[in-house]
Amino acid sequence: DARVTQTPRDKVTEMGQEVTMRCQPILGHNTVFWYRQTMMQGLELLAYFRNRAPLDDSGMPKDRFSAEMPDATLATLKIQPSEPRDSAVYFCASSNSGRAYEQYFGPGTRLTVT
Amino acid sequence: GQNIDQPTEMTATEGAIVQINCTYQTSGFNGLFWYQQHAGEAPTFLSYNVLDGLEEKGRFSSFLSRSKGYSYLLLKELQMKDSASYLCAVRGGGGNKLTFGTGTQLKVEL
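So the sequences go chain by chain: E and Y. So in the working numbering, spot 74 of the first sequence is number 74, and the numbers just go up one at a time. If you want the working numbering, it's the 1-based position in the second sequence plus 114.
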């Protein structure tokens, strides 16, 4: 049963600290997405990659957020420095470009910045 | 840009049928999606429409009218486990980028 995995599942940190979230896409999927979900804004796309190359990061605050894919099995989202307004659930999703209409979401990382 | 509207909340009775509407405005439309999200969980894919008409998948059906910028998700024989948020999402403007609506919270009652 192939699944997207994310670590950590929960993260509580203080304002100003660096936060790194990791995602392992489903093996064979070549497109990876990072989303943020809050009660106020709903689900927002932050960035996405195809074949490890960034295609769109227009939804991501550039001054503090960065997203990378060091290899095909790992995507990272980093916040430095973190702020209370970054508190949200961050989801990673992956898809196969051959069936690009179906994105599989990971369980999410619940981030709380105090 | 893209704009998606769907009702915030709906309530229905177990065993009944409910229709959740979604209207959208987008450039370069390339598909409409419905996702289900239970509280505290990740969204899961329900359906995909790119051509006009009805797509049926068990108890769930999704309809699309591209000329009207309109879709609905139809849930039949409602069960308590169908209580969840239903997210309408549109792909447009090229690529695989999805823009999600804020979701419709469906509550199924006895």
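Ideal Cβ placement from N, Cα and C applies to all residues, glycine included. It should be emphasised that the depicted structure is a prediction, and the values quoted were computed from it without experimental measurement.
Reference residue i, options the options, closest by Cα
i      : options                           : result
Y:S181 : Y:F159, Y:V164, Y:M124 and Y:Q151 : Y:V164
E:N96  : E:V32, E:R22, E:M21 and E:K11     : E:V32
Y:A203 : Y:D166, Y:L160 and Y:M124         : Y:L160
E:M39  : Y:T137, Y:T218, Y:K171 and Y:G129 : Y:T218
Y:G129 : Y:R173, Y:N135 and Y:Q116         : Y:R173
E:F91  : E:R50, E:E68 and E:L43            : E:L43
Y:M194 : Y:I131, Y:G145, Y:K171 and Y:S185 : Y:I131
E:Q17  : E:A72, E:M69, E:E102 and E:K78    : E:K78
E:A85  : E:A2, E:P25 and E:Q37             : First, the residue type needs correcting, since residue 85 of chain E is Arg and not Ala in the sequence shown. Comparing Cα positions, the closest option is E:Q37.
E:R50  : E:S66, E:N30 and E:M60            : E:N30
E:Q103 : Y:K221, Y:E169, Y:W148 and Y:L178 : Y:W148
Which residues DSSP lists as bridging residue i, in chain order
i      : result
Y:G129 : Its beta-bridge partners do not exist; DSSP assigns none.
Y:F147 : Y:Y162 and Y:A203
E:R85  : Paired residues: none, contrary to the question.
Y:Q139 : Y:N117
E:A93  : E:F33 and E:F105
E:T112 : E:V12
Y:E123 : Y:Q219
Supposed close pair residue i, residue j - CB separation, criterion 8 Å
i      : j      : result
Y:G215 : Y:S141 : 17 Å between Cβ atoms; not a contact.
E:G108 : E:V89  : 5 Å
E:M15  : E:T76  : With a Cβ gap of about 21 Å, E:M15 and E:T76 do not count as contacting.
E:S87  : E:V113 : 5 Å
E:A47  : E:L27  : In fact, because the Cβ distance is near 21 Å, the residues do not count as touching under 8 Å.
Residue ranges of each beta strand (DSSP E) within the segment 2-82 of chain E, 3 or longer: Counting only runs of 3+ residues, the beta strand (DSSP E) found wholly inside the segment 2-82 of chain E occupies 5-7, 10-13, 19-24, 31-38, 42-50, 53-56, 65-71 and 74-79, in chain order.
Contact between the segment 2-22 of chain E and the segment 56-63 of chain E (3+ Cβ pairs under 8 Å): Segment contact: the segment 2-22 of chain E against the segment 56-63 of chain E, fewer than three CB-CB distances shorter than 8 Å; contact not assigned.
Uninterrupted beta strand (DSSP E) stretches inside the segment 161-222 of chain Y (no shorter than 3 residues): Runs found: 167-171, 174-179, 184-189, 198-205 and 212-214.
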